[in-house]
Amino acid sequence: MGSPLVTTEWLAQNLNNKNVIVLDASMETVIGKEPLVYQIPTFIPQSRKFDLENVFIDKESTQVHAFPTVDQFTIAAQKLGIQSDSIVVIYDNQGIYSAPRAWWIMQSMGFENSYVLDGGLPKWIEEGKATTDSLEVSSNGADNLITNYQPHRVCTSDFVFDNLTSAKYMVIDARGSERFSGNAAEPREGVRSGHIPNSINLPFAQVLDGLCYKSVKELDELFTVHLKHENKPLIFSCGSGITACIILLAACVVGKMDCRLYDGSWAEWGSCPSLPVNSFSNRT
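Printed below as a string of structure tokens:
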């Protein structure tokens, strides 16, 4: 599988493959879109919970959503039964929302054999495929998972600040245009409005076509327009490091492999008075 995406058809055909592990990375809190709400718990059969809000997160960090440490990731992944030869397919209940974040954590920890289900749970349901009301709990923890952290896939505010001078990277902000311009207040208290100087805005909804990603051709054209034919490596940012991964994955789909996630994103940058902010705000 050359793409980081798999189809619902592929998953349905491979659901009983003993090497395939299906992870539900849905989040309780959805920001930046109107959330899909489910009346009863609904999951793809054999799903295990990849908990981005309570488990696969560094709770000792001051960031809103912080990458787990290598030890935190390894222990949690082993408890899910993930082994080095597993094929991991990740989805969420919004179509495409938080699954790319879980995927980038997996990729950054050296687990290349991980994929995102294009269209997620809503597309699975739309196609009439079987669902269940409960998650599966791994009966045995894995003991052969090898974690190989790739630090170049995640960066800090210091790295982004240095880039203001070096301009080696292009920073892409996945937030909506009103938040990027400073014309809409941030949802988090104490966070300034605006954007990182010299960054460009590509709202995550623009890489999606309904529940799924746009075609490779459409995505390639979209990045060509926004990047203005520049061939710089890319840094992705958003509100707190979740939706940035949506456009980061889209970039990988079209072959842009030199990508970094600014994990602290605007929740960190906008709350630090010493970091510069640009704004096109018309608010008074």
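Heads up: the sequence shown is residues 1 to 284, going by UniProt numbering.
Note that CB positions come from ideal geometry on N, CA and C, so glycine has one too.
Between the beta-carbon of residue 272 and the beta-carbon of residue 261, is there less than 8 Å? Numbered from 1 along the sequence shown, position 272 holds the residue referred to as residue 272. Numbered from 1 along the sequence shown, position 261 holds the residue referred to as residue 261. For residue 272 and residue 261, no; Cβs fall outside 8 Å.
Hey, residue 80 and residue 11 are a contact pair by Cβ (cut 8 Å); roughly how many whole angstroms apart? Here residue 80 refers to the residue found at position 80 when the sequence shown is read from its first residue. Here residue 11 refers to the residue found at position 11 when the sequence shown is read from its first residue. Actually they do not touch by this definition, with Cβ atoms about 17 Å apart.
Whole-angstrom distance between residue 236 and residue 174, CA atom to CA atom: Within the sequence shown, residue 174 is the residue found at index 174, counting from 1. Within the sequence shown, residue 236 is the residue found at index 236, counting from 1. Looking at the two C-alpha atoms, the distance is approximately 7 Å.
7 Å CB neighbourhood of residue 3 in its chain, flanking five on each side removed: Residue mapping note: residue 3 aligns to position 3 of the sequence shown, counting from 1. Scanning its chain for C-beta atoms nearer than 7 Å, with the 5 sequence neighbours on each side dropped, one finds around residue 3 the residues 253, in chain order.
Candidates 216, 266 and 208: which alpha carbon is nearest residue 197's? Counting from 1 along the sequence shown, the entry for residue 197 is found at position 197. Nearest of 216, 266 and 208 to residue 197, Cα basis: 266.
Give me, in chain order, the residues of the same chain whose beta-carbon lies closer than 7 Å to that of residue 160; leave out the 5 immediate sequence neighbours on both sides. On the sequence shown, residue 160 is found 160 positions in, with the first residue counted as 1. The answer, listed in chain order, is 171, 196, 235 and 262.
Between which residues of its own chain and residue 275 is the CB-CB distance below 7 Å, once the five residues before and five after are set aside? Translated into the one-based positions of the sequence shown, residue 275 becomes position 275. If we look at residue 275 and ignore the five residues flanking it on each side, its Cβ neighbours are 157, 161 and 269.
Could you check how far apart the C-beta atoms of residue 24 and residue 56 are, in whole angstroms? I think they sit under 8 Å. Position 24 of the sequence shown, counting from 1, holds the residue named residue 24. Position 56 of the sequence shown, counting from 1, holds the residue named residue 56. In fact, because the Cβ distance is near 12 Å, the residues do not count as touching under 8 Å.
Could you check which residue in 6, 193, 74 and 232 has the C-alpha nearest to that of residue 280? Here residue 280 refers to the residue found at position 280 of the sequence shown. Closest by alpha carbon: 193.
Counting along the chain, where does the beta strand (DSSP E) carrying residue 236 start and finish? Locating residue 236 in the sequence shown gives position 236, where the first residue counts as 1. Boundaries of the beta strand (DSSP E) harbouring residue 236: 234-237, taken from the DSSP string.
Determine the burial state of residue 286: buried for a count of at least 16 other Cβ atoms within 10 Å of its Cβ, exposed for fewer. The question about residue 286 has no answer, for the chain in this structure spans 1 to 284.
Determine the DSSP secondary structure at residue 283, reduced to helix, strand or coil. Within the sequence shown, residue 283 is the residue found at index 283, counting from 1. Caution is warranted here: a pLDDT of 47 is assigned to residue 283, below 50, making its placement in the model unreliable, and no coordinate value can be reported.
Go ahead and label residue 133 buried or exposed: buried means 16 or more other beta carbons lie within 10 angstroms of its beta carbon, across all protein chains shown. For the purposes of this step, residue 133 is taken as the residue at position 133 of the sequence shown. Residue 133 should be labelled exposed.
How about residue 58 and residue 69: are their beta carbons less than 8 Å apart? Working through the sequence shown from its first residue, we reach residue 58 at position 58. Working through the sequence shown from its first residue, we reach residue 69 at position 69. Yes, they are a contact pair.
Between the alpha carbons of residue 217 and residue 110, how many angstroms are there, rounded? The residue given as residue 217 occupies position 217 in the sequence shown. The residue given as residue 110 occupies position 110 in the sequence shown. Computed Cα separation, rounded: 28 Å.
Beta carbon of residue 176 nearer than 8 Å to that of residue 264: Position 176 of the sequence shown, counted from the first residue, corresponds to residue 176. Position 264 of the sequence shown, counted from the first residue, corresponds to residue 264. It is not a contact, given that the beta carbons lie outside the stated cut-off.
Would you check if the distance between the CB atom of residue 46 and the CB atom of residue 15 is smaller than 8 Å? Here the question's residue 46 lines up with position 46 in the sequence shown. Here the question's residue 15 lines up with position 15 in the sequence shown. In terms of Cβ geometry, residue 46 and residue 15 form a close pair [threshold 8 Å].
Would you mind giving the Cβ-Cβ distance between residue 95 and residue 211, rounded to the nearest angstrom? I have them listed as a contact below 8 Å. Sequence index remark: in the sequence shown, residue 95 carries index 95 (1-based). Sequence index remark: in the sequence shown, residue 211 carries index 211 (1-based). The pair is a contact, with the Cβ atoms about 4 Å apart (cut-off 8 Å).
Coarse secondary structure for residue 201, derived from DSSP in three states: Locating residue 201 in the sequence shown gives position 201, where the first residue counts as 1. In the structure shown, the three-state DSSP call for residue 201 is strand.
Beta-carbon spacing of residue 213, residue 219 below 8 Å: Within the sequence shown, numbered from 1, the residue matching residue 213 stands at position 213. Within the sequence shown, numbered from 1, the residue matching residue 219 stands at position 219. In this structure, residue 213 sits near residue 219, with a CB-CB distance shorter than 8 Å.
Quick check on this structure: which residue in 36, 53, 63 and 88 has the alpha carbon closest to the alpha carbon of residue 18? The residue given as residue 18 occupies position 18 in the sequence shown. When each option's Cα is compared against that of residue 18, the closest is 88.
Exposure of residue 258, with buried meaning 16 or more beta-carbon neighbours within 10 Å: Here residue 258 corresponds to residue number 258 of the sequence shown, with the count starting at 1. Exposed, since its Cβ has fewer than 16 Cβ neighbours within 10 Å.
Kindly indicate which three-state DSSP category residue 132 falls into: helix, strand or coil? Indexing the sequence shown from 1 puts residue 132 at position 132. Correct three-state label for residue 132: strand.
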